[in-house]
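Undergrad:
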Amino acid sequence: MDKVYNFKDKEKEIYKNWEEKGYFKPKIDSKKKPFTIILPPPNASGKMHTGNVLMVAIEDLLVRWHRMKGDPTLWVPGTDHAGTETQITFERELKKQGKSRFNYSREELYQAIWDFVQNNNGQIESQLRQMGASVDWSRYTFTLDDKVITTVNNTFKKMVDEDLVYRGNYMVNYCPKCGTTYADVELKHEERRDPLYYMKYGPFILATVRPETKFGDTAVAVNPKDKRYEEWVGKEIEFDGLNGKVQLKVIADDFVDMEFGTGVVKVTPAHDKNDYEAGLRHNLEVKPVIDLNGKLNEKAGSYAGLSIFEGRKQVVAALKEKGLIDHIDENYVHTVALCKAGHEIEPMVLPNWFIKVDAPHKSFKKPALDAVKSGKVKIFPQWQEITYVRWMEEMRDWPISRQNVWGIRIPVWYSLEKNPTLQVSYLKKDGTRVIRSGEGILKESEFEEAEKGLQKIIAPIECIPEFECSSPTDHYLQETDTFDTWFSSGQWPLVTLGYPDSEDFKYFYPTSVLETGWEIIRLWVSRMVMFGIYLTGEVPFEYVYLHGIVRALDGRKMSKSLGNVINPEDYINEYGVDALRMGLISGTANGKDFAFPKDRVIAYKHFGNKIWNMGRFILMMRDQWGKEISAFTQIDYSSLKNEDKAVLEELARVIKTVDLELEKFRFADASEAIYQFMWHTLADKYIEQVKVREDKNVALAVLQHVYMTSLTLLHPFMPFVTEEIYQKMPGSGESIMIEPWPTLSSQ
RNA sequence: GGGCUCGUAGCUCAGUUGGUUAGAGCGUUGCAUUGACAUUGCAAAGGUCAGAGAUUCGAGUUCUCUCGGGCCCACCA
0 MDKVYNFKDK EKEIYKNWEE KGYFKPKIDS KKKPFTIILP PPNASGKMHT GNVLMVAIED
60 LLVRWHRMKG DPTLWVPGTD HAGTETQITF ERELKKQGKS RFNYSREELY QAIWDFVQNN
120 NGQIESQLRQ MGASVDWSRY TFTLDDKVIT TVNNTFKKMV DEDLVYRGNY MVNYCPKCGT
180 TYADVELKHE ERRDPLYYMK YGPFILATVR PETKFGDTAV AVNPKDKRYE EWVGKEIEFD
240 GLNGKVQLKV IADDFVDMEF GTGVVKVTPA HDKNDYEAGL RHNLEVKPVI DLNGKLNEKA
300 GSYAGLSIFE GRKQVVAALK EKGLIDHIDE NYVHTVALCK AGHEIEPMVL PNWFIKVDAP
360 HKSFKKPALD AVKSGKVKIF PQWQEITYVR WMEEMRDWPI SRQNVWGIRI PVWYSLEKNP
420 TLQVSYLKKD GTRVIRSGEG ILKESEFEEA EKGLQKIIAP IECIPEFECS SPTDHYLQET
480 DTFDTWFSSG QWPLVTLGYP DSEDFKYFYP TSVLETGWEI IRLWVSRMVM FGIYLTGEVP
540 FEYVYLHGIV RALDGRKMSK SLGNVINPED YINEYGVDAL RMGLISGTAN GKDFAFPKDR
600 VIAYKHFGNK IWNMGRFILM MRDQWGKEIS AFTQIDYSSL KNEDKAVLEE LARVIKTVDL
660 ELEKFRFADA SEAIYQFMWH TLADKYIEQV KVREDKNVAL AVLQHVYMTS LTLLHPFMPF
720 VTEEIYQKMP GSGESIMIEP WPTLSSQ
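Letter by letter, the first sequence follows residues 0 to 746 of numbering that gives the first Met the number 0.
(1) With distances taken Cα to Cα, identify the nearest neighbour of R191 among I409, E329, T140 and K244.
(2) In the structure shown, what three-state DSSP assignment does K187 receive?
(3) Just how far apart, CA to CA, sit F482 and G300?
(4) For I754, report the span of its alpha helix (DSSP H) as first-last.
(5) Please return the same chain residues whose Cβ sits closer than 8 Å to the Cβ of G77, not counting the five positions on each side in sequence.
(6) Identify every residue that forms a DSSP beta bridge with H326.
(7) If you draw a straight line from the alpha carbon of K94 to that of E309, how long is it in whole angstroms?
(8) Once the 5 residues before and after L205 are set aside, which same chain residues still bring their CB inside 8 Å of it?
(9) Taking the alpha helix (DSSP H) that M391 falls in, what are its first and last residues?
(10) Hey, quick one: how far does the beta strand (DSSP E) through F155 stretch, first residue to last?
(11) Between S511 and E541, is the Cβ-Cβ spacing less than 7 Å?
(12) Tell me whether D239 sits in a helix, a strand or coil according to DSSP, three-state version.
(13) Would you call the stretch 102-109 and the stretch 446-454 touching, i.e. three or more CB-CB distances under 8 Å?
(14) Under a three-way DSSP split, which group does V52 fall into?
(15) Please classify D253 as buried or exposed, where buried requires at least 16 other C-beta atoms within 10 Å of its C-beta.
(16) Please state whether DSSP places Q633 in a helix, a strand or coil.
(17) Am I right that P210 and V315 are in contact with their C-beta atoms under 8 Å? What's the rounded C-beta distance?
(18) On the criterion of 16 or more Cβ atoms from any shown chain inside 10 Å, does W382 qualify as buried, or is it exposed?
(19) Give the secondary structure of I344 by DSSP, where H, G and I count as helix, E and B as strand, and everything else as coil.
(20) Classify E465 as helix, strand or coil using the three-state DSSP reduction.
(21) Can you grab the Cα-Cα spacing for the pair S137 / T72, in whole Å?
(22) Suppose you measure from the CA of E90 to the CA of L415; what does that come to, to the nearest Å?
(23) Measure the Cβ-Cβ separation of K364 and V356 and say whether it is below 7 Å.
(24) Let me know if V402 comes out buried or exposed under the rule of 16 or more other beta-carbons within 10 Å of its beta-carbon.
(25) Which residues bound the alpha helix (DSSP H) around W485?
(26) If I measure Cβ to Cβ from F616 and keep anything under 8 Å in the same chain, skipping five residues before and after, which residues do I get?
(27) Could you check whether L476 and I456 sit closer than 7 Å to each other, using their CB atoms as the reference points?
(28) Just to confirm, is the Cβ distance from H546 to G516 under 7 Å?
(29) Where do the ends of the alpha helix (DSSP H) carrying M613 lie?
(30) Assuming E443 is part of the alpha helix (DSSP H), what are its boundary residues?
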């Protein structure tokens, strides 16, 4: 053995051997309860980040532990197409080439992104191997595999049949730049300083940051308690606007804050969430003035075609000129909603697909809430449970359609004959882009071109969709929206196991532990519980363990703009996978966020070397004593000295501790226990005692036993170095990863 | 505004139902070591547990308030 453990040479080779021997594949035994984990799929075209490393470290630890305990253990790997994120990345690439998504038909664009993802693919797989992840590669799943699409489509169909899906106008968070909607939870909020315009509206002066939406106003509102404006409530006001006379109703509603501005607000139901809801209460007309490209539409008269920003500038200038601006507060600070890519969100009313989460005939969310409350699903750390419960209690109907191409297309079709008002954009044969109505396409006999060059359908609310998984008959176009990525990933435990009737599904479902970062408890965990119960009647997992976010060395969130992003590769190269895994695990703050524990990574690199050298010491002793005194075979219990008994007792305590802590998901405590024992008890004390012992045959047998048992305990934490040492020790079996887990009775 | 969470050694963090002298890693200081390991060993220094009050025989741990971080959610016309 070398004097120093050289992790670099060995890790790859060791992993290859494990994989070839088939150790990662479970042996199904109907008499035994399986242990199953589904890997939360990392982004297929991405690279491992530090959070992924922690995730893999924890899951591999759990999986190896259970496998060694003899449970039929399955860990299913997979990758995620990451809808919006990937498409944004791809479109950024297109932009560099001077192109945009509008140069492609929907199908071509999908194919181009597919190729793009394939080119960037494989990184995650090789990094999972590098990490030592003992996943069963034969069950690998990608979120756009056919089997996933089939299941997801079937689920949608089932929900349609059970009246749990509807298509409705809805105020959505629309990003004109991305051309897609976002769920509330996907948004970021940022403080901005913007001018607050005090505009004259007939008898009133009211404050707004968005004068350009004035063409969509359908009322002005005051607070019912506001004495100042009492006399106006219910009346109509009339005044000169930029495009002629304007008539607006004055309504009274509690949502108006008397303290803000002048206590009067303009109501624009088409472009503001509050106003939309007020509009529903007061039966106001919804009058959109901004189109899907973020431009003012024909209702804005001479301002039509201008961007929101430019429109605002020109509207303000015109208002000033007409003396309709009372004054401007230039230092108004408010927060604006931003999409994932950082663009400003435009609230819009659009037809979207929704899931009823709490329908009277079938509640989707209630059983999922009860599952956690009743303890059928147990969440660790426990204080995270409240996040889940609150979210489920407050959950509203879930918009599941996205105006993305990169995703699973919603299996719904529109007949052009039946839906003359359908708005379809497509590329003609000659490459020009046209937007035509359903009626227009038929009139021009362009159906084939439209079908082939199809980019996007906007189906006004009166259109009649037909639910099929393939084209019904002639002159049908499929919905161009895709499912929200959480709609499909919410069914991940099902699709990866071959729901509904595969052997795998029958045996391995429900899974044992869902391990992921706490930030997606609402987005993902809740959806999996809902779908699991809805489709199978059973919860998808028994335990949820949520790890904290790994922050940068400075304790702040990692971000490209701060330049403090930690690249796990660097640490793997410098300290080895074992050290990185163990460092992260021992540095985790039990589910709380924590700064990247660099010190611990270094400490565990040293630890790897320490146990390596303990192995060398034992081999050296063997050379010296082994032949003469037949040590290292069996412990002679009748001749044990107190120090032998002490170390054996201590070992038994460590075995107990490790099991106990792992059962409680207290990974750091478990790793710490082994570390302290091996280094400061076994190496520092016991080995020193062995060196001066007369009865080497007794002591060396104890030493070898305690050492090998500790190595076995350590293996799920530091798989590579333990395997490498194991292979060097005489009397070893095939691999340490198939050694039986140490128990108290075996001591 | 609602909620969660944290404040313990120079730094990163443990401290689980309240119970001897408050722990670990890294760092610091001193000494040692030529055959397992300098990626070492032995030892030491370093903490009024953010502050104040309450409960208790006993509080880092429970409760209240104050101060100071971090995060989540909602709203902001």
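Built from N, CA and C at the ideal position, the CB exists for glycine as well. These numbers come from a predicted model, not from an experiment.
TA: Inspection of the coordinates gives the following:
(1) E329
(2) strand
(3) 36 Å
(4) Look at the range of the chain in this structure, 0 to 746, and you will see that residue 754 is not part of it.
(5) I37, L38, P40, Y139, T140, F141, T142, W491 and T495
(6) Y197
(7) 23 Å
(8) Y197, M198, V219, G260, T261, V263, V264 and K265
(9) E384 to E393
(10) Premise fails: F155 lies in the alpha helix (DSSP H), D145 to D160, not in any beta strand (DSSP E).
(11) yes
(12) strand
(13) yes
(14) helix
(15) exposed
(16) coil
(17) 6 Å
(18) exposed
(19) coil
(20) strand
(21) 14 Å
(22) 30 Å
(23) yes
(24) Looking at the sequence itself, residue 402 is Gln, so the reference to Val does not match. Q402 should be labelled buried.
(25) T484 to S488
(26) I686
(27) yes
(28) yes
(29) K597 to M620
(30) Careful: E443 lies outside any alpha helix (DSSP H) and carries neither H nor E.
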